[in-house]
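Notes follow the structure.
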Amino acid sequence: MKKLVFAILIGGLFMANVNAKTLVAYFSATGNTKRLSQTVASALGADIVEIEPKVPYTSSDLDWTDKKSRSTVECNDPSARSEIKNKIAVSPYDTVIIAFPIWWYNAPKIIYTFVESVDLSGKKVVPICTSGGSGLGRTPADLQKVGSKTADWRKGTRFSSSASASEVKKYFDEVLK
Ligand SMILES: Cc1cc2nc3c(=O)[nH]c(=O)nc-3n(C[C@H](O)[C@H](O)[C@H](O)COP(=O)(O)O)c2cc1C
Numbered sequence: 394m395k396k397l398v399f400a401i402l403i404g405g406l407f408m409a410n411v412n413a414k415t416l417v418a419y420f421s422a423t424g425n426t427k428r429l430s431q432t433v434a435s436a437l438g439a440d441i442v443e444i445e446p447k448v449p450y451t452s453s454d455l456d457w458t459d460k461k462s463r464s465t466v467e468c469n470d471p472s473a474r475s476e477i478k479n480k481i482a483v484s485p486y487d488t489v490i491i492a493f494p495i496w497w498y499n500a501p502k503i504i505y506t507f508v509e510s511v512d513l514s515g516k517k518v519v520p521i522c523t524s525g526g527s528g529l530g531r532t533p534a535d536l537q538k539v540g541s542k543t544a545d546w547r548k549g550t551r552f553s554s555s556a557s558a559s560e561v562k563k564y565f566d567e568v569l570k
């Protein structure tokens with residue numbers, strides 16, 4: 394009996410460790426990327442954390458028809474770095490999936506803040522996005538330029554916010570080999 398309890402405990406610890414190796418860190422202003430990220434995390438048995446803006450985006454901040462809206466101004470300024478409210482620890486993970494909406498054909502500047510503020514050295518990093526149709530474009534190359542030099546960037550992709558667990562699992566099984 395003691396042996397059985399011991400085996401279950403060790404097995405549980407081992408499983409927790411395996412499951413804790415991948416982190417899905419996401420930013421989502423209107424919920425689409427959050428939905429995708431939840432699907433990815435549950436399909437991969439990964440941990441999930443939201444990259445929370447210090448100042449939340451209002452709907453007028455997100456108005457892309459307004460040249461003076463917060464999102465448009467940030468997107469047009471290469472040095473803009475929107476602040477993150479929460480501390481995110483990436484050290485326990487060997488894979489970090491970074492999920493975000495496409496804004497003006499690129500990642501929102503808060504994603505640049507994230508990539509610059511955490512140590513991704515030696516970790517597998519996969520950028521994924523939701524969008525109205527645009528792909529990742531030059532985003533992965535731009536993020537690599539500002540991030541840890543020895544991060545192991547893998548090919549990212551765009552998913553629909555309603556992507557299925559089996560679709561995302563198939564993608565990550567391939568790209569994380
Ligand atoms: C400021 C802004 C700019 C956007 N630019 C693009 C774009 O260039 N291409 C595109 O396909 N969708 C664009 N979109 C649409 C979003 O990428 C899409 O709605 C995304 O799924 C939103 O994710 P979220 O709900 O997680 O914030 C833009 C949305 C906003 C608010």
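The working numbering puts the first residue of the sequence shown at 394, with every later residue one more than the last. Ideal placement from N, C-alpha and C gives every residue a C-beta, glycine not left out.
For the alpha helix (DSSP H) assignment, the uninterrupted runs of no fewer than 4 residues enclosed by the segment 504-562 are, from N- to C-terminal side, 532-539. Membership of L437 in the alpha helix (DSSP H) is indicated by the continuous run 425-437.
Beta-bridge annotation (DSSP): E443 is paired with Y419.
For L455, the closest alpha carbon among the candidates L536, C468, F552, S510 is that of C468. Take A473, set aside five residues on each side of it, and the residues of its chain with a beta-carbon closer than 6 Å to its own are E467, K502, in chain order. Three or more Cβ pairs closer than 8 Å define a contact, and the segment 516-524 meets that threshold against the segment 482-493.
Within 10 angstroms of the beta-carbon of N499 lie 16 or more other beta-carbons, which makes it buried. For the 8 Å CB-CB criterion, A436 and L416 do not form a contact. Within its own chain, the residues whose Cβ lies closer than 6 Å to the Cβ of G528, once the five positions on either side in sequence are excluded, are R551, listed in chain order. Restricting attention to S430, K570, E445, the CA atom closest to the CA of T506 is found in E445. Comparing alpha-carbon positions, the option among S514, K478, V511 lying closest to V448 turns out to be K478. Secondary-structure assignment with DSSP links W497 through no beta bridge to anything.
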